[in-house]
Amino acid sequence: MDELIKAFDEIVMDESNIIIDGSIVALKHVATGKYLTSIDNLHYTTGSEGPIVYTGNSRFDPNACWYIFVNNGKYNDYIYTKSDISFQHKISGNSLGICNYSQQVRYSRHLSRTQYKYHKSPSSNHTEVNCDGNEREWKIDYSRLENYEGYLKSNDIINLSIKKSFDINGHTQDGQVEFLRSHDVQFTIGNDTFQEVVCHNERLAENDEWCIELIKQA
Numbered sequence: 001m002d003e004l005i006k007a008f009d010e011i012v013m014d015e016s017n018i019i020i021d022g023s024i025v026a027l028k029h030v031a032t033g034k035y036l037t038s039i040d041n042l043h044y045t046t047g048s049e050g051p052i053v054y055t056g057n058s059r060f061d062p063n064a065c066w067y068i069f070v071n072n073g074k075y076n077d078y079i080y081t082k083s084d085i086s087f088q089h090k091i092s093g094n095s096l097g098i099c100n101y102s103q104q105v106r107y108s109r110h111l112s113r114t115q116y117k118y119h120k121s122p123s124s125n126h127t128e129v130n131c132d133g134n135e136r137e138w139k140i141d142y143s144r145l146e147n148y149e150g151y152l153k154s155n156d157i158i159n160l161s162i163k164k165s166f167d168i169n170g171h172t173q174d175g176q177v178e179f180l181r182s183h184d185v186q187f188t189i190g191n192d193t194f195q196e197v198v199c200h201n202e203r204l205a206e207n208d209e210w211c212i213e214l215i216k217q218a
């Protein structure tokens, strides 16, 4: 009987740790212990000039809360690896993403062409990550397979990737896949300094690992 009760308690505990569609989560950068953060009224002074995204305090902050949604899923659905997901900032309602833009390039007096680009991060010149991007669809990969149980749960260590919708010539189905990273590079706005968060297409490393923490289950 004791073993049966213990097994039941483990099932209940496991269910309480599952991250489902509509849950509130935080993303902690594994290498630094700092949380992925955005502040609604604080904007980049370069690039998109949208709301900034950075890794802030090691202590939990309400500005580090995000709703997680399965794109084209049902409310309360489990979230599996490779699911298309989005993160909506709890306070501002804006979504985590990257931002493409078009630019007319003139080759001669009578010849010009539209090129498509992505805003660059303020310091390292990688792809800028902001909290109002026009591309917001992320995928989850498990960084440490020993933690993988088929569905997303609190304290899983993950990588987050996004597939760009455009190349220089326009919309493409074969866009560059880039990964969410924080690193030691900093940028400043006024008198304040922030730790940069970017997307990149380099080799994966420890700076690309995030621990997803369940704050409130949907």
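Taken in order, the sequence shown gives residues 1 to 218; the numbers are from the UniProt record's numbering.
A virtual CB, placed ideally from N, CA and C, is assigned to each residue, including glycine.
Everything numeric in this text was worked out from a predicted model, so none of it was measured.
The beta-bridge partner set that DSSP reports for R106 consists of S112. Residues D84, I85, S86 and E137 of the same chain have their beta carbon placed closer than 7 angstroms to that of N71, with the five preceding and five following residues left out of the count. In the three-state reduction of the DSSP assignment, A26 falls in the strand class, which pools E and B.
Each of I91, S92, E128 and N76 was checked against the Cα of C99, and the nearest Cα belongs to E128. Non-local beta-carbon contacts of G150 in its own chain, meaning distances under 7 angstroms to residues more than five positions away in sequence, involve Y80 in chain order. If only uninterrupted beta strand (DSSP E) runs of at least 3 residues are considered, those enclosed by the UniProt domain "MIR" (16–71) are 24–29, 36–43, 51–55 and 66–70.
The segment 89–105 makes contact with the segment 30–45; the number of CB pairs closer than 8 angstroms reaches 3 or more. Rounded to whole angstroms, N76 and N134 show a C-alpha spacing of 25 angstroms.
Annotated three-state conformation of D77 is coil, per DSSP. Residue burial annotation: S161 is buried, with at least 16 other C-beta atoms found within 10 angstroms of its C-beta. Nearest Cα to I52 within the set E206, I215, Q195 and C211: Q195.
Inclusion of L180 and S23 in the CB contact set at 8 angstroms is not warranted, their separation being larger than that value.
Contact between N207 and H171 does not hold, since their C-beta atoms are separated by about 30 angstroms, which reaches or exceeds 8 angstroms. Take T32, set aside five residues on each side of it, and the residues of its chain with a beta-carbon closer than 8 angstroms to its own are T55, S58, S182 and Q195, in chain order. The continuous beta strand (DSSP E) containing T188 extends over residues V177 to I189. For K216, the CB contacts under 8 angstroms within the same chain, skipping 5 residues up- and downstream, are S23 and I24 in chain order.
Residue environment for D132: buried (at least 16 other C-beta atoms within 10 angstroms of its C-beta). Excluding sequence positions up to five before and after R113, its CB lies within less than 6 angstroms of the CB of V105, all in the same chain and listed in chain order. With respect to L152, I168 sits apart: the two C-beta atoms are not nearer than 8 angstroms.
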